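Participant: This is the structure I have questions about; it appears just below.
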Amino acid sequence: MSLRRTRGTVPAGTRVLVTGAAGGFGAPTVARLREQGARVVGLDRSAGDGVLACDITDPQAVERTVAEAVRTLGGLDAVVHYAGIGIPNDAGGPLEPDALKVIDTNLLGAWRVTSAALPALLDGPGKGRVVFVASELAYVTLPFLSAYSVAKRGMSAYADALRLEYGYAQDGTGLHVTTVYPGYVRTPIHEAGREVGLSLEGQVRREEVEDIVRTVVGALAAPRPPRDTAGTLAGQAELWVGRHAPGLLGRGVVRRIRQQAAAGRFDSSPVAAGLIRRFTGRAVPAVTTADRTPERSAS
């Protein structure tokens with residue numbers, strides 16, 4: 000895996016579609032791109048200034064709204080995928096609607112939007128660009144986030160497949176595909192976990208929103224965009240370890256989680272009851288339907 004960081008300015012007039020455009024990452028990215036002279040249309044759950052309302056779990060809505068965005072922009076040069084949600088879950092529990100919704104939104108939603116945008120991306124001058132904002136949790140596994148991690152690792156695999164199939168045309172057309180792997184960034188997606196005592200703060204390396212905005216805009220601006228990248232040099236190192244030494248990293252995570260469970264860090268979270276019992280032998284109340292937390296946007 001090649002890990003490079005880039006920064007720069009997109010050419011004026013670059014036509015960009017951004018999902019999750021009203022969120023913690025999306026809004027500042029849209030603003031930065033517009034400052035640089037790009038033409039941007041966003042997708043989000045609610046409409047706003049330059050943002051179209053779209054439920055990315057609805058195939059018809061995606062086709063219709065992406066087509067409207069392409070008409071508005073007069074074509075398309077790039078797509079940035081921020082849209083996503085996070086809901087804590089037990090990896091060994093039933094495959095319930097919450098987990099399915101995380102996967103449908105975070106992975107399949109990005110797939111739907113890419114598919115709908117692909118004809119326009121391939122029709123422009125030069126290569127179109129797709130930037131997937133995945134997560135360090137695609138390769139650094141933590142408890143209670145199995146659906147989120149499955150979706151983000153799946154996004155990474157989908158990006159690799161898209162690059163392979165559309166990135167190497169003999170005539171020089173096709174796609175540049177970049178995957179960005181943020182660490183912990185304090186955005187609304189983490190509120191659901193914090194509300195039930197499952198904050199990621201201190202579990203993985205922290206980055207700032209600006210780290211990710213700069214990295215994404217840099218990938219759109221670079222003559223040779225990176226294949227895989229993180230928001231900071233420390234993030235690149237941690238991602239490398241997660242992909243190439245998962246056993247070593249996993250043992251460290253288990254030690255830390257065992258210590259935290261013993262200290263009562265997760266006691267206020269019903270979804271953690273089974274893990275606490277397995278790791279420490281202590282009993283705490285188990286999750287019920289009434290205990291489930293609301294979804295939070297990732298961006």
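Just so you know, we're using numbering that gives the first Met the number 0 here: the sequence shown kicks off at 0 and counts up by one. Where is the CB? At the ideal position from N, CA and C, for every residue including glycine. Please read all numbers here as calculations on a predicted model, not as lab measurements.
Where does R254 sit, in a helix, a strand or coil, going by DSSP?
Facilitator: R254: helix per DSSP, three-state reduction.
Participant: Going straight from the alpha carbon of T214 to that of G25, what length do you get?
Facilitator: The alpha-carbon atoms of T214 and G25 are separated by roughly 13 Å.
Participant: Should the region 147-165 be regarded as contacting the region 270-284, the criterion being three or more beta carbon pairs within less than 8 Å?
Facilitator: Touching, no.
Participant: Which value, in whole angstroms, describes the spacing of the CA atoms of G166 and E207?
Facilitator: Cα to Cα, the separation comes out at about 31 Å.
Participant: Does the beta-carbon of Q235 have 16 or more other beta-carbons within 10 angstroms, so that it is buried, or is it exposed?
Facilitator: It is buried - the Cβ of Q235 has at least 16 other Cβ atoms within 10 Å.
Participant: Could you check how far apart the C-beta atoms of G123 and L75 are, in whole angstroms? I think they sit under 8 Å.
Facilitator: The Cβ separation is near 6 Å, so the contact holds.
Participant: Among all the DSSP beta bridges, which residues are the ones paired with T228?
Facilitator: In DSSP, T228 forms a bridge with V179.
Participant: Taking just the CA atoms, how far does L136 sit from A233?
Facilitator: So the two alpha carbons sit approximately 15 Å from each other.
Participant: Just checking N88 against the ligand MN - is the residue's beta carbon closer than 8 Å to any of the ligand's heavy atoms?
Facilitator: In terms of ligand content, the structure shown is empty, and the ligand MN therefore cannot be addressed.
Participant: Assuming R14 is part of the beta strand (DSSP E), what are its boundary residues?
Facilitator: Segment 14-18, the beta strand (DSSP E) holding R14.
Participant: State the Cα-Cα distance for the pair D210 and E95, rounded to the nearest angstrom.
Facilitator: Taking the straight line from one Cα to the other gives about 34 Å.
Participant: Helix, strand or coil for D54? Go by DSSP, reduced to three states.
Facilitator: D54 falls in the coil class under three-state DSSP.
Participant: Under a three-way DSSP split, which group does A302 fall into?
Facilitator: The displayed coordinates of the chain run from 0 to 298. Any statement about residue 302 would go beyond what the structure contains.
Participant: The beta strand (DSSP E) spanning R42 covers which residue range?
Facilitator: Going by the sequence as given, residue 42 is Leu instead of Arg. Its beta strand (DSSP E) spans residues 38-43.
Participant: So for I211, helix, strand or coil by DSSP?
Facilitator: DSSP places I211 in helix when its eight states are reduced to three.
Participant: Please report the residue range of the beta strand (DSSP E) in which G127 lies.
Facilitator: 127-132 is the span of the beta strand (DSSP E), which, as asked, contains G127.
Participant: Just checking my contact of V283 with D266 at CB under 8 Å: how many whole Å lie between their CB atoms?
Facilitator: Correct: roughly 5 Å between the Cβ atoms.
Participant: Where does I102 sit, in a helix, a strand or coil, going by DSSP?
Facilitator: Helix, per DSSP.
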